[in-house]
Ligand code: AMP
Ligand code: GLY
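Numbering (our numbering), first residue to last: 509 to 930.
Structural data, given as structure tokens:
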């Protein structure tokens, strides 16, 4: 069969790589993809949804996996269903669980899904009088999609007032900031869990942990993710708790709201003293968590996708390699602010065969890969435990270079520290 992946980053490279391993698959297409993926997929440039649908029909593609949230929030899932085409990704209404923080938080409150206390505002005056009575730090979030840039942790009133002014008076987020959520600050460690769901039932992955901040020790500005590891070894029943208290009631609630969620539901949770609390839901796989989850997954991803489509996910059991995986992102110096592009990437040919290279912000000129984005590429190594995987991945990361490249040197360290505690 033929499959198509929509998107162009490291997550989509990992999905394409995993699909290409299936005996059932003859060909993987990625739209638009990037030239670093050509080892596993054929790139295809399509201008709009109409062209995409025409391509899927004419190629006889069995199903399409949508990588990023934006096309789902814009209704790509619905367009596929209308055209009678199979798609891994929810409808527009269901994707609001990621696309609108106001919807997600109100929904969680209604269905008793553990999350930080919050209040919604669409005017600055009541928002200001609310924060006057609140303890700091507190968290301000814009309602709509903001590419990870719409969340602010404020340490004092003045900081919060400035942020509120920028969002609500100057409108720097446009429509995405027409409503905001102000919520309680949660303390703890974060973990990500993905649930493959046919709308009624689900199977969930092992836990992974992203590293959102730019600098070692989780300092500096938030980014799209500087690396990840899995499994994130918290207490044994944590995954069960998230399945029972978060995923199951969320899917049930979404059915009740007539927003049945079919696809991949991502729960980002904070592990607090009171138990896991939901920070956010996403309507797709995480980046860079996918780059550690899929290499550890023993199942054929095609079988999992087919079970989502045929509504038989309750018959699937996910099997995992008895290994740990660490992924390190190599970024352009200056990211997530401004950075230069167009530098040649060297040393890929020296990377050991057992290490996976997933490309994101790259372009090709005369057979040379050049940097073309903030997060340029990432490497994943598997090891017998996290320490082993970390050692392996950094040995390989050192072989890759381009002008002004930057990476964190402590990916997975928190997990390794926890190993020592046991
Ligand atoms: P979100 O897009 O809602 O997941 O927020 C992005 C990041 O901001 C999260 O991954 C956390 O690191 C942080 N964050 C969000 N909400 C809170 C909160 N209530 N308390 C502490 N940190 C938070
Ligand atoms: N890893 C965070 C995200 O995919 O949103």
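The beta carbon of each residue, even a glycine, is placed where N, CA and C say it ideally should be.
Please state whether DSSP places residue 843 in a helix, a strand or coil. Locating residue 843 in the chain shown gives position 335, where the first residue counts as 1. If DSSP states are grouped into helix, strand and coil, residue 843 belongs with coil.
Residue 778, DSSP secondary structure in three states: One-based indexing of the chain shown puts residue 778 at position 270. Taken through DSSP and simplified to helix, strand or coil, residue 778 comes out as strand.
Using a Cβ-Cβ distance under 9 Å, would residue 650 count as near chain B? Absence of chain B from the displayed structure is noted, only one protein chain being present.
I want to check one thing, is the minimum distance from the CB of residue 736 to the heavy atoms of the ligand AMP below 8 Å? Here residue 736 refers to the residue found at position 228 of the chain shown. No, the ligand AMP has no heavy atom inside 8 Å of this Cβ.
Measure the alpha-carbon distance for residue 844 versus residue 722 and round it to whole angstroms. On the chain shown, residue 844 is found 336 positions in, with the first residue counted as 1. On the chain shown, residue 722 is found 214 positions in, with the first residue counted as 1. Those two C-alpha atoms are separated by around 8 Å.
Rank 636, 834, 613, 619 by C-alpha distance to the C-alpha of residue 626 and give the top, closest one. Numbered from its first residue, the chain shown carries residue 626 at position 118. With distances taken between Cα atoms, residue 626 lies closest to 613.
CA-to-CA distance, residue 585 to residue 841, given in whole angstroms: Here the question's residue 841 lines up with position 333 in the chain shown. Here the question's residue 585 lines up with position 77 in the chain shown. Cα-Cα distance, rounded: 36 Å.
Identified DSSP bridge partners for residue 863: Position 355 of the chain shown, counted from the first residue, corresponds to residue 863. For residue 863, which the question treats as bridged, DSSP gives no partner whatsoever.
Just to confirm, are residue 557 and residue 656 a CB contact at a threshold of 9 Å? Within the chain shown, residue 557 is the residue found at index 49, counting from 1. Within the chain shown, residue 656 is the residue found at index 148, counting from 1. Contact flag unset, no.
Proximity winner among 878, 876, 923, relative to residue 896 (alpha-carbon distances): To locate residue 896, count along the chain shown from 1; it is residue 388. Looking at the Cα atoms, 923 is the closest of the given residues.
Spatial neighbours of residue 500 within its chain, please: C-beta separation below 7 Å, excluding the five flanking residues on both sides. An answer regarding residue 500 cannot be provided, because it is not within the stretch 509 to 930 covered by the chain.
Please go through the same chain and pick out, in chain order, the residues whose beta-carbon is closer than 6 Å to the beta-carbon of residue 794, but skip the five residues on each side of it. For the purposes of this step, residue 794 is taken as residue 286 along the chain shown, with counting starting at 1. These residues qualify, in order along the chain: 700, 774.
Given a cut-off of 9 Å, decide if residue 554 and residue 560 are closer than it, judged by their beta-carbon atoms. Position 52 of the chain shown, counting from 1, holds the residue named residue 560. Position 46 of the chain shown, counting from 1, holds the residue named residue 554. The beta carbons of residue 560 and residue 554 sit closer together than 9 Å.
With respect to the beta strand (DSSP E) encompassing residue 735, which residues constitute its N-terminal and C-terminal limits? Position 227 of the chain shown, counting from 1, holds the residue named residue 735. For residue 735, the uninterrupted beta strand (DSSP E) run begins and ends at 735-738, by DSSP.
In three-state DSSP terms, what is residue 688? Taking the chain shown and counting its residues from 1, one reaches residue 688 at position 180. Shown here, residue 688 sits in a strand according to DSSP, grouped into three states.
Thinking residue 833 and residue 803 are a contact (beta carbons under 8 Å), I'd like their distance in whole angstroms, please. Within the chain shown, residue 833 is the residue found at index 325, counting from 1. Within the chain shown, residue 803 is the residue found at index 295, counting from 1. A Cβ-Cβ distance of about 5 Å is found for the pair residue 833 and residue 803, placing them in contact under the 8 Å criterion.
Does the structure place the stretch 784-794 close enough to the stretch 749-756 that three or more beta carbon pairs sit under 8 Å? Yes, they touch.
Say the cut is 8 Å; is the CB of residue 790 nearer than that to a heavy atom of the ligand GLY? Within the chain shown, residue 790 is the residue found at index 282, counting from 1. Residue 790: yes, Cβ under 8 Å from the ligand GLY.
Look up residue 700 in the DSSP assignment and give the residues it is bridged to. Residue 700 sits at position 192 when you count from the first residue of the chain shown. DSSP, once it has assigned bridges, lists 716, 776 as partnering residue 700.
Cβ distance (whole Å) where residue 705 is taken to contact residue 523 below 8 Å: Numbered from its first residue, the chain shown carries residue 705 at position 197. Numbered from its first residue, the chain shown carries residue 523 at position 15. About 17 Å separates the Cβ atoms of residue 705 and residue 523, ruling out a contact at the 8 Å cut-off.
From the DSSP output, read off the bridge partner residues of residue 931. Because residue 931 is not part of the residues shown, which for the chain are 509 to 930, the question remains open.
Is residue 720 close to the ligand GLY? I mean its beta-carbon at under 8 Å from any heavy atom of the ligand. On the chain shown, position 212 is the one that residue 720 refers to. Yes, Cβ of residue 720 sits closer than 8 Å to a heavy atom of the ligand GLY.
Determine, using beta carbons only, whether residue 609 and residue 582 come nearer to each other than 9 Å. Here the question's residue 609 lines up with position 101 in the chain shown. Here the question's residue 582 lines up with position 74 in the chain shown. Contact flag unset, no.
Given 8 Å, three or more beta-carbon pairs between the stretch 683-690 and the stretch 629-649: Segments in contact, yes.
Less than 8 Å separating the Cβ of residue 796 from some heavy atom of the ligand GLY? Here residue 796 is taken as the residue at index 288 of the chain shown, counted from 1. Yes, the beta carbon of residue 796 sits closer than 8 Å to at least one heavy atom of the ligand GLY.
Residue 871 to residue 885 span [Cα, whole Å]: For the purposes of this step, residue 871 is taken as residue 363 along the chain shown, with counting starting at 1. For the purposes of this step, residue 885 is taken as residue 377 along the chain shown, with counting starting at 1. Put simply, the backbone Cα of residue 871 is about 11 Å away from that of residue 885.
Could you name the residues of the same chain whose beta carbon sits closer than 8 Å to that of residue 577, not counting the 5 residues immediately before and after it, in chain order? Your numbering for residue 577 matches position 69 in the chain shown. Sequence-distant Cβ neighbours of residue 577 in its own chain, meaning closer than 8 Å and more than five residues away, are 603, 606, 607, 653, 790, 791, 792.
Report the three-state DSSP secondary structure of residue 457 (helix, strand or coil). No answer is possible for residue 457: it lies beyond the span of the chain, which begins at 509 and ends at 930.
Cβ-heavy atom distance, residue 733 to the ligand GLY, below 8 Å: Against the chain shown, residue 733 aligns to sequence position 225. Residue 733 Cβ: within cutoff of the ligand GLY.
From 509, 639, 680, pick the residue whose C-alpha is nearest to that of residue 594; which is it? Locating residue 594 in the chain shown gives position 86, counting from the first residue. Of the candidates 509, 639, 680, 509 places its Cα closest to the Cα of residue 594.
For a quick check, are the C-beta atoms of residue 695 and residue 762 less than 9 Å apart? Counting from one through the chain shown, the residue named residue 695 turns up at place 187. Counting from one through the chain shown, the residue named residue 762 turns up at place 254. In this structure, residue 762 does not lie closer than 9 Å to residue 695 by Cβ.
Which residues does DSSP list as the beta-bridge partners of residue 909? Start at 1 with the first residue of the chain shown, and residue 909 comes out as number 401. Beta-bridge pairing links residue 909 to 854.
Contact test: residue 608 Cβ vs the ligand GLY heavy atom, cutoff 8 Å: The residue labelled residue 608 in the question sits at position 100 within the chain shown. Result no, Cβ not under 8 Å from the ligand GLY.
Suppose the cutoff is 7 Å on Cβ atoms and the five residues either side in sequence are ignored; what does the same chain contact list for residue 860 look like? Here residue 860 refers to the residue found at position 352 of the chain shown. Excluding residues within five positions, the ones whose Cβ falls inside 7 Å are 904.
CB-CB under 6 Å to residue 808, same chain, minus the five flanking residues each way: which ones, in chain order? Sequence index remark: in the chain shown, residue 808 carries index 300 (1-based). Closer than 6 Å at Cβ, skipping near neighbours: 530.
Quick check on the DSSP output: what are the complete beta strand (DSSP E) runs of length 3 or more inside the stretch 870-912, in order along the chain? If we require 3 residues or more, the beta strand (DSSP E) runs fully inside the stretch 870-912 come out as 870-873, 876-879, 883-891.
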